[in-house]
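J.: Got a structure for you, written out below as structure tokens; questions coming shortly.
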Amino acid sequence: MALRFAVTASVTFLAWAFAAVLSQSMGDAMTLSASVWLATGVTFGALLAVKPPKRPAVLTGAALATIALALLDGLALVPALAFGLNEALCASLGAWVARLLRSTGPEGRMEPGKAYAGVLLGALLTSALSASIGVTLWTWALPEPIVVLAEWRVWTCTTFVGILLIAPLVTSFAGFKVKRSGGMASSQFLAGAGTFLLFFAVAGLIFSADVSDRFSASLGPTLTYLPLPFIVVTAILWKERGAAVATLIGALALIAWTNAGGGPFSEIEGFPGEAVIEVQGYVAVMALLVGVVNALGATAAQALAQAQDWRTRYRQVLDSTRTVVANFDAQTGAAAWGEGASELLRTNAKVLLTVQDFIAHADPQEQPALQADWRDLTQGQRDHILWKNTLRWSDGRVASVNAWLSSVRGADGQVEQIAALLEVEA
Numbered sequence: 027m028a029l030r031f032a033v034t035a036s037v038t039f040l041a042w043a044f045a046a047v048l049s050q051s052m053g054d055a056m057t058l059s060a061s062v063w064l065a066t067g068v069t070f071g072a073l074l075a076v077k078p079p080k081r082p083a084v085l086t087g088a089a090l091a092t093i094a095l096a097l098l099d100g101l102a103l104v105p106a107l108a109f110g111l112n113e114a115l116c117a118s119l120g121a122w123v124a125r126l127l128r129s130t131g132p133e134g135r136m137e138p139g140k141a142y143a144g145v146l147l148g149a150l151l152t153s154a155l156s157a158s159i160g161v162t163l164w165t166w167a168l169p170e171p172i173v174v175l176a177e178w179r180v181w182t183c184t185t186f187v188g189i190l191l192i193a194p195l196v197t198s199f200a201g202f203k204v205k206r207s208g209g210m211a212s213s214q215f216l217a218g219a220g221t222f223l224l225f226f227a228v229a230g231l232i233f234s235a236d237v238s239d240r241f242s243a244s245l246g247p248t249l250t251y252l253p254l255p256f257i258v259v260t261a262i263l264w265k266e267r268g269a270a271v272a273t274l275i276g277a278l279a280l281i282a283w284t285n286a287g288g289g290p291f292s293e294i295e296g297f298p299g300e301a302v303i304e305v306q307g308y309v310a311v312m313a314l315l316v317g318v319v320n321a322l323g324a325t326a327a328q329a330l331a332q333a334q335d336w337r338t339r340y341r342q343v344l345d346s347t348r349t350v351v352a353n354f355d356a357q358t359g360a361a362a363w364g365e366g367a368s369e370l371l372r373t374n375a376k377v378l379l380t381v382q383d384f385i386a387h388a389d390p391q392e393q394p395a396l397q398a399d400w401r402d403l404t405q406g407q408r409d410h411i412l413w414k415n416t417l418r419w420s421d422g423r424v425a426s427v428n429a430w431l432s433s434v435r436g437a438d439g440q441v442e443q444i445a446a447l448l449e450v451e452a
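Mapping of the sequence shown onto this note's numbering: residues 27 to 452, in sequence order.
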């Protein structure tokens, strides 16, 4: 138990430290602050991904990493401990909010849309609360005064964007195992790689240092959002894991180009650091688009899997009871046969195009009565009938069938369909 705790805490510590170093390398020279803070996203995402017994270890690793970074920045031990507690407290509260919406429904399935909404709310809570506490700690720990509102804005925005980028990456790769089969098709991967390269090519042109010379000062900002459709298509093709990786790489590239003075955001700044705020908003929009696409895709995949599951169960019940389902048009008699009809009826059900084809294979003496029953059903004089017949096919095989037919009425009360349930005797 102690070993597992130490391993989880150590992995969290190293991941947090790597994310912090990467974030600091993305600093803006004008504001002397990080343009995105990825480390809290590691804490937030890990708290969503791991099981409850491992969460204390995650918080311990993140808090220790925060304390170590604060000490390296020259803070005293007590303020460093306070910043470590701030990281653990705010991330745990935000993750708790996210888990409330990630909880499974009555059928034990997580709703992807609600889950992503939980991530957004949790990220907003974590970033705003940690910024509020953090700025308060800064005013206490630092000897020189700080601009409280500006610090709070920078802390909140960088943390929020970092969580949007890192948390989906952590949660999507939780429990990931390499498989020899069943993964993404090579054609799908190559198509996603192509759209991702197009994203980089278009973004590289728009966020280059000479964007105003290439597109003119007015056209450059107009083309700012042109790369986004390519990252969205990449997310659709690469699914959740690939989309998370592509979004992170693309976002870091956009931030780096903007920090280097490239792109339309750096062309005109009303105040120092305005370009950083604008690119943060741009990256947040990109992450939100990809997140919504992933949620919609996961919802569709979940619905498809559920439909296939019920289809399998439905087929098993019909096969085990030797039952065939059919549907006849009340006006034309056109037949629509369910799965397994040919096997149970001992003939090709596709040749039974109408109910008249079905009746034609019954005993000739019974056919007039069957025709009368059909007229009664289609004219609404009767709602249910039972046919018991021995059907004789052209190849000499026979099938003894008990058929329950029921009329299906439309909104106007007229009979539109005839639903049939055929039990075939062995």
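Every residue gets a Cβ at the ideal spot worked out from N, C-alpha and C, and that includes glycine.
Note that this is a predicted model, so its numbers are computed, not measured.
1) Label alanine 55 either buried or exposed according to how many other C-beta atoms from any shown protein chain fall within 10 Å of its C-beta, with 16 as the threshold for buried.
2) Classify histidine 410: buried if its beta carbon has 16 or more other beta carbons within 10 angstroms, exposed otherwise.
3) In terms of alpha-carbon separation, which member of Ser420, Val441, Leu126 lies closest to serine 433?
4) Between Ala141, Leu191, Asp438, Thr38, which lies nearest to isoleucine 281 when the distance is taken from Cα to Cα?
5) Compute the beta-carbon to beta-carbon distance between threonine 358 and proline 138, rounded to the nearest angstrom, for a pair I have assumed lies under 8 Å.
6) Quick one: Cα of proline 394 to Cα of valine 318, how far?
7) For threonine 373, collect the residues of the same chain with a Cβ closer than 6 Å to its Cβ; drop the 5 residues on either side in sequence, then sort them by chain order.
8) Keeping to the same chain, check which residues put their C-beta closer than 8 Å to that of leucine 111; ignore five residues upstream and five downstream.
9) Given this structure, state the Cα-to-Cα distance separating aspartate 402 from valine 343, to the nearest angstrom.
10) Buried or exposed: where does leucine 314 fall if 16 or more other Cβ atoms within 10 Å of its Cβ makes it buried?
11) Taking all protein chains shown into account, decide if isoleucine 257 is buried (16 or more other Cβ within 10 angstroms of its Cβ) or exposed.
12) Could you please give me the residues that DSSP links to phenylalanine 354 through a beta bridge?
13) Determine the burial state of arginine 128: buried for a count of at least 16 other Cβ atoms within 10 Å of its Cβ, exposed for fewer.
14) Could you pull out every unbroken alpha helix (DSSP H) segment of at least 4 residues lying fully inside the region 162-210, listed in chain order?
15) On a CA-only basis, which of Pro169, Met312, Thr182, Gly220 is nearest alanine 102? Give me that one, please.
16) Do you know offhand how far valine 145's Cα is from alanine 65's?
17) Terminal residues of the continuous alpha helix (DSSP H) containing arginine 81?
18) Mind checking which residues open and close the beta strand (DSSP E) that includes alanine 429?
19) Under a three-way DSSP split, which group does alanine 55 fall into?
20) Could you please give me the residues that DSSP links to valine 62 through a beta bridge?
21) In its own chain, which residues sit with a C-beta less than 6 Å from the C-beta of tryptophan 63, not counting the 5 before and 5 after it?
22) Excluding the five sequence neighbours on either side, which residues of its own chain have a C-beta within less than 8 Å of the C-beta of alanine 96, listed in chain order?
23) Is the beta carbon of glycine 289 less than 8 Å from the beta carbon of phenylalanine 225?
24) Secondary structure at asparagine 374, three-state DSSP: helix, strand or coil?
25) I need the boundaries of the alpha helix (DSSP H) containing leucine 322, first residue and last residue.
26) Unbroken alpha helix (DSSP H) runs of length 4 or more, entirely within the region 219-294: which are they?
27) Can you say whether serine 426 is buried or exposed, counting buried as having 16 or more other CB atoms within 10 angstroms of its CB?
28) Closest by CA to histidine 387, which one among Trp363, Val424, Asp355, Ala32?
29) What's the call for tyrosine 308, buried or exposed, on a 16-neighbour Cβ count within 10 Å?
30) Please report the residue range of the alpha helix (DSSP H) in which leucine 127 lies.
31) Across the region 163-183 and the region 32-45, are there enough close Cβ pairs to call them in contact, namely three or more that are closer than 8 Å?
32) Residue range of the beta strand (DSSP E) that leucine 417 falls in?
33) If we count the other Cβ atoms within 10 Å of its Cβ and call it buried at 16 or more, is isoleucine 444 buried or exposed?
34) What are the start and end residues of the alpha helix (DSSP H) that includes threonine 404?
35) Per DSSP, what kind of secondary structure is glutamate 137 in: helix, strand or coil?
36) Does DSSP classify glutamate 449 as helix, strand or coil?
T.: So, from the data block:
1) On the sequence shown, residue 55 is found 29 positions in, with the first residue counted as 1. For alanine 55, the pLDDT reaches just 49, beneath the cut-off of 50, and the residue's location in the model is therefore unreliable, although a value from the coordinates is still provided. Counting Cβ neighbours within 10 Å, alanine 55 comes out exposed, since fewer than 16 surround it.
2) Counting from one through the sequence shown, the residue named residue 410 turns up at place 384. With fewer than 16 other Cβ atoms within 10 Å, it is exposed.
3) Reading the sequence shown from its first residue, position 407 is the one you call residue 433. When only C-alpha atoms are compared, the closest one is Val441.
4) By 1-based counting over the sequence shown, the position of residue 281 is 255. The shortest Cα separation from isoleucine 281 among Ala141, Leu191, Asp438, Thr38 belongs to Leu191.
5) Within the sequence shown, numbered from 1, the residue matching residue 358 stands at position 332. Within the sequence shown, numbered from 1, the residue matching residue 138 stands at position 112. Between proline 138 and threonine 358 the Cβ distance is about 42 Å, and since that is not below 8 Å, they are no contact.
6) Numbered from its first residue, the sequence shown carries residue 394 at position 368. Numbered from its first residue, the sequence shown carries residue 318 at position 292. Proline 394 and valine 318: Cα-Cα distance of roughly 60 Å.
7) As a first step, residue 373 must be located in the sequence shown, where it is residue number 347. Closer than 6 Å at Cβ, skipping near neighbours: Trp419.
8) For this step, residue 111 is matched to residue 85 along the sequence shown. Excluding positions up to five away in sequence, the list reads Ala89.
9) Working through the sequence shown from its first residue, we reach residue 402 at position 376. Working through the sequence shown from its first residue, we reach residue 343 at position 317. Approximately 30 Å, taken between the alpha carbons.
10) Taking the sequence shown and counting its residues from 1, one reaches residue 314 at position 288. Of the residues assessed, leucine 314 falls on the exposed side of the cut-off, its CB having fewer than 16 other CB atoms within 10 angstroms.
11) Along the sequence shown, read from residue 1 onward, the residue named residue 257 stands at position 231. Label assigned to isoleucine 257: buried.
12) Taking the sequence shown and counting its residues from 1, the one referred to as residue 354 is at position 328. In DSSP, phenylalanine 354 forms a bridge with Ala361, Ile444.
13) Within the sequence shown, numbered from 1, the residue matching residue 128 stands at position 102. So arginine 128 ends up on the buried side.
14) Listed in chain order, the complete alpha helix (DSSP H) runs (minimum 4 residues) inside the region 162-210 are 174-199.
15) Position 76 of the sequence shown, counted from the first residue, corresponds to residue 102. Of Pro169, Met312, Thr182, Gly220, the residue nearest in Cα terms is Pro169.
16) Looking up residue 145 in the sequence shown gives position 119. Looking up residue 65 in the sequence shown gives position 39. Rounded to the nearest angstrom, the two C-alpha atoms are 16 Å apart.
17) As a working mapping, residue 81 is identified with position 55 in the sequence shown. It spans 81-98 - the alpha helix (DSSP H) in which arginine 81 sits, taken as one unbroken run.
18) Locating residue 429 in the sequence shown gives position 403, counting from the first residue. Element bounds for alanine 429: 424-435.
19) Numbered from 1 along the sequence shown, position 29 holds the residue referred to as residue 55. The predicted model places alanine 55 with a pLDDT of 49, which falls under 50 and marks its position as unreliable, so this point remains unresolved.
20) The sequence position of residue 62 within the sequence shown is 36, counting from 1. Note: valine 62 sits in no beta bridge, so no partner.
21) Locating residue 63 in the sequence shown gives position 37, where the first residue counts as 1. Closer than 6 Å at the Cβ level, and outside the excluded window around tryptophan 63, lie Ser49, Thr184, Thr185, Gly188.
22) Within the sequence shown, the letter at position 70 stands for residue 96. Within the same chain, and ignoring the five residues on either side of alanine 96 in sequence, the residues whose Cβ sits closer than 8 Å to its Cβ are Pro105, Ala106, Phe109, Gly110.
23) Sequence index remark: in the sequence shown, residue 289 carries index 263 (1-based). Sequence index remark: in the sequence shown, residue 225 carries index 199 (1-based). Cβ atoms of glycine 289 and phenylalanine 225: not closer than 8 Å.
24) Translated into the one-based positions of the sequence shown, residue 374 becomes position 348. Correct three-state label for asparagine 374: coil.
25) The sequence position of residue 322 within the sequence shown is 296, counting from 1. That run of the alpha helix (DSSP H) goes 300-346.
26) 237-248, 254-285
27) Position 400 of the sequence shown, counted from the first residue, corresponds to residue 426. Label assigned to serine 426: exposed.
28) As a working mapping, residue 387 is identified with position 361 in the sequence shown. For the residues Trp363, Val424, Asp355, Ala32, the minimum Cα distance to histidine 387 belongs to Val424.
29) On the sequence shown, residue 308 is found 282 positions in, with the first residue counted as 1. With 16 or more other Cβ atoms within 10 Å, it is buried.
30) Locating residue 127 in the sequence shown gives position 101, where the first residue counts as 1. Per DSSP, leucine 127 belongs to the alpha helix (DSSP H) from 103-128.
31) Flag = no, the region 163-183 and the region 32-45 do not touch.
32) Within the sequence shown, the letter at position 391 stands for residue 417. First-last of the beta strand (DSSP E) with leucine 417: 410-418.
33) The residue given as residue 444 occupies position 418 in the sequence shown. Per the 10 Å Cβ criterion, buried.
34) If you number the sequence shown from 1, residue 404 lands on position 378. Threonine 404 -> alpha helix (DSSP H) spans 393-404.
35) Counted from its first residue, the sequence shown places residue 137 at position 111. Residue state, collapsed to three classes: coil.
36) Position 423 of the sequence shown, counting from 1, holds the residue named residue 449. Three-state DSSP puts glutamate 449 in a strand.
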